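Protein chains in written order, with the working numbering: chain A, 25 to 141; chain B, 25 to 141; chain C, 25 to 141; chain D, 25 to 141.
Here the structure comes first, spelled out in structure tokens, and everything after it is commentary.
Protein chains: 4
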Amino acid sequence: MPDSLDDLRTRVNAFVAARDWAQFHSPKNLAMAMIVEAGEVVENFQWMTEQESCNLDAEAKEQVGQELSDTFVYLLRIAEVCGIDLIEAANKKIDINAKKYPVDKVKGSNAKYTEYQ
Amino acid sequence: MPDSLDDLRTRVNAFVAARDWAQFHSPKNLAMAMIVEAGEVVENFQWMTEQESCNLDAEAKEQVGQELSDTFVYLLRIAEVCGIDLIEAANKKIDINAKKYPVDKVKGSNAKYTEYQ
Amino acid sequence: MPDSLDDLRTRVNAFVAARDWAQFHSPKNLAMAMIVEAGEVVENFQWMTEQESCNLDAEAKEQVGQELSDTFVYLLRIAEVCGIDLIEAANKKIDINAKKYPVDKVKGSNAKYTEYQ
Amino acid sequence: MPDSLDDLRTRVNAFVAARDWAQFHSPKNLAMAMIVEAGEVVENFQWMTEQESCNLDAEAKEQVGQELSDTFVYLLRIAEVCGIDLIEAANKKIDINAKKYPVDKVKGSNAKYTEYQ
Chain A
25 MPDSLDDLRT RVNAFVAARD WAQFHSPKNL AMAMIVEAGE VVENFQWMTE QESCNLDAEA
85 KEQVGQELSD TFVYLLRIAE VCGIDLIEAA NKKIDINAKK YPVDKVKGSN AKYTEYQ
Chain B
25 MPDSLDDLRT RVNAFVAARD WAQFHSPKNL AMAMIVEAGE VVENFQWMTE QESCNLDAEA
85 KEQVGQELSD TFVYLLRIAE VCGIDLIEAA NKKIDINAKK YPVDKVKGSN AKYTEYQ
Chain C
25 MPDSLDDLRT RVNAFVAARD WAQFHSPKNL AMAMIVEAGE VVENFQWMTE QESCNLDAEA
85 KEQVGQELSD TFVYLLRIAE VCGIDLIEAA NKKIDINAKK YPVDKVKGSN AKYTEYQ
Chain D
25 MPDSLDDLRT RVNAFVAARD WAQFHSPKNL AMAMIVEAGE VVENFQWMTE QESCNLDAEA
85 KEQVGQELSD TFVYLLRIAE VCGIDLIEAA NKKIDINAKK YPVDKVKGSN AKYTEYQ
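Next comes the structure, spelled out in structure tokens:
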């Protein structure tokens, strides 16, 4: 079983290639597929209280893990077909977010960053 | 700059801890935040043709990379707070999908898996 | 100002026609636009507690009303271009839901309907 | 069968009351439920071409109508529990959009409004 992000990406690409599905994997279609799966993650939590969502039983955790995985696989595919290095892009975005949300101004607050500007 | 998924996860967790934001990061709230970001990915593509989405200019690619990164960061946080090993969960889900969509039945087709059962 | 759903639909269609935007309004594109707007509704609530979401101040209520309206307008457009009578479809769906969720079995419970079958 | 938006809203509210479900219907939860249903609308179109989405067969049209109806019902509920008059809010938002997207500047173009400002 692959144990790294690169191995997983390679496996996902092989899965798609074996089924000749790359023809359907335009970024537009993949973005739709990703948000559909994100919706299935949300569905698990929609009627739970926040507290309940923090204490999932084994079955719910398994279910969330599966939907999260589907979301992740489409996210990897979007990065792939757009030529985006996901780890690099995420680190650059965190650099941006760190400036948008300086620790001394936002600590402990959930207000939107626009309120600090 | 971190260069692996584990390093990225560690960095994200430290970012959250420094801002004392873990208190807002119930799985329920994080699932909402993730789908909001997924929506911002979709927004980039909504009026494009599929063909256009396959040929992004540098500015659009940068924008998609940023929104995809935000989606990814919340996805990592959901896995974190739910105690899900994302690489392991994704590999297990691909095993399931490989059985649901056998190569000899689905090759080149975009029909839903239910039609094969 | 139009005061009925039919008047609103007529106004929305005229708004689109005046801008020659029907060419972009395939059901596929409109479904993307609708979920993007639904994401903007969700964004308003993502860091609120449920209790806070029940007690919106005037500014938040105005903001939610605007995003809900954008979602609604795209929903109306999907119905329009697909030739769906929204009021009729919604009533038929409520008939279905009433059978799926019989009062005597689901009263006061948030469990999914599948658990009753 | 109810034939107007007001009748539908009344019917939806009665459906919820009969099941004692208002206790779960915080705006936060309803926004989650609405986007989950919007995701099910999107799912119908994710692997279709735009052209295919414009020519739904009877079964697909029925399916889209059902998911659109579920989205609509939650949208009505959000308006209800937030005290928003949906027709009035939508008309006000169209007034705003008409100013953001003046006919003489956007006619036939799918560029985002920010590009006109």
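Cβ coordinates follow ideal geometry from the N, Cα and C atoms, glycine included.
Given the structure is predicted, the values throughout are model-derived calculations rather than measurements.
Open item on the list: So the candidates are PRO51(B), ILE108(B) and ASP109(B); which of them puts its Cα closest to the Cα of SER77(A)?
Closed with: Selected option, being the one with the closest Cα: PRO51(B).
- [ ] Run through the segment 51-111 of chain B for me and flag every whole alpha helix (DSSP H) of 4 or more residues, listed as ranges in chain order.
- [x] 51-69, 74-77 and 82-106, all fully within the segment 51-111 of chain B.
- [ ] Starting from the Cα of ASN134(A), find the closest Cα among GLU83(B), ARG33(B), ILE120(B) and ARG43(B) and give me that residue.
- [x] ARG43(B)
Task: Cutoff 8 Å: VAL130(B) Cβ touching any chain C Cβ - done: no
Task: Helix, strand or coil at PRO26(A) [DSSP, three-state] - done: Confidence is the limiting factor: at PRO26(A) the pLDDT is only 46, short of 50, which leaves the residue's position unreliable, though a coordinate-based value still follows. Of the three classes helix, strand and coil, the one that applies to PRO26(A) here is coil, per DSSP.
Task: ASP119(A): CB within 7 Å of a non-hydrogen atom of the ligand GDP - done: Here there are no bound small molecules, and the ligand GDP is not part of this structure.
Open item on the list: My output table needs one value for ARG43(A): the three-state DSSP class, helix, strand or coil.
Closed with: DSSP, read as helix, strand or coil, puts ARG43(A) in coil.
TODO: Alpha carbon to alpha carbon, how far is LEU99(B) from GLY132(C)? Give it in angstroms, no decimals.
DONE: 32 Å
Task: Reference LYS129(C); option with closest CA among TYR125(D), TRP45(D), ASN37(D) and ALA38(D) - done: Checking every option, the nearest Cα to that of LYS129(C) belongs to TRP45(D).
Open item on the list: Taking the alpha carbon of ALA122(A) as the reference point, which residue from ASP31(B), ALA41(B) and GLU112(B) has its own alpha carbon closest?
Closed with: Put simply, of ASP31(B), ALA41(B) and GLU112(B) the residue whose alpha carbon is nearest the alpha carbon of ALA122(A) is ALA41(B).
- [ ] Indicate whether PHE96(C) and ALA55(D) have their beta-carbon atoms separated by less than 8 Å.
- [x] For PHE96(C) and ALA55(D), no; Cβs fall outside 8 Å.
Task: C-alpha distance - VAL36(D) paired with ILE118(C), whole-angstrom precision - done: 8 Å
Task: chain C contacts made by the segment 41-58 of chain A, where a contact means CB separation under 7 Å - done: MET56
Task: Beta-carbon proximity list for ALA62(B), same chain, < 7 Å, skipping 5 on both sides - done: THR95.
Task: Which of helix, strand or coil DSSP assigns to LYS131(A) - done: coil
Open item on the list: Let's test the definition: count the other Cβ atoms within 10 Å of the Cβ of GLN90(D) and tell me whether it reaches 16, buried, or not, exposed.
Closed with: buried
Open item on the list: Less than 8 Å between C-beta atoms, sequence neighbours within five positions excluded: which residues of the same chain meet that for ILE111(D)?
Closed with: Its chain contains LEU29 as the residues whose beta carbon lies nearer than 8 Å to that of ILE111(D), once the 5 sequence neighbours on both sides are disregarded; these appear in chain order.
- [ ] Report the residues of the segment 99-132 of chain A with a CB closer than 9 Å to any CB of chain C, ordered along the chain.
- [x] none
Task: Residue burial classification, ILE108(C) (beta-carbon count within 10 angstroms, cutoff 16) - done: buried
- [ ] Measure the CB-CB distance between PHE39(A) and TRP71(D) and report whether it falls below 8 Å.
- [x] no
- [ ] Please confirm whether LYS66(A) and VAL105(D) have their CB atoms less than 8 Å apart.
- [x] Correcting the residue identity first, residue 66(A) is Val in this sequence and not Lys. Contact flag unset, no.
Open item on the list: For GLY63(C), would you say it is in contact with chain B, using Cβ-to-Cβ distances shorter than 8 Å as the test?
Closed with: yes
Open item on the list: Less than 7 Å between C-beta atoms, sequence neighbours within five positions excluded: which residues of the same chain meet that for ARG33(D)?
Closed with: LEU100 and GLU104
- [ ] Label ILE120(D) either buried or exposed according to how many other C-beta atoms from any shown protein chain fall within 10 Å of its C-beta, with 16 as the threshold for buried.
- [x] exposed
TODO: Compare the C-beta of ASN134(C) with all C-beta atoms of chain A and state if any pair is closer than 8 Å.
DONE: yes
- [ ] Determine the burial state of ALA82(C): buried for a count of at least 16 other Cβ atoms within 10 Å of its Cβ, exposed for fewer.
- [x] exposed
Open item on the list: Taking 8 Å as the threshold (beta carbon to beta carbon), is ILE34(B) in contact with chain A?
Closed with: According to the sequence displayed, residue 34(B) carries Thr and not Ile. Answer no: the Cβ-Cβ gap between THR34(B) and chain A never drops below 8 Å.
TODO: Find the residues of chain D that neighbour ASP94(C), judging by a C-beta separation of less than 9 Å, and give them in chain order.
DONE: Those within 9 Å of ASP94(C) in chain D are ALA114, LYS117 and ASN121.
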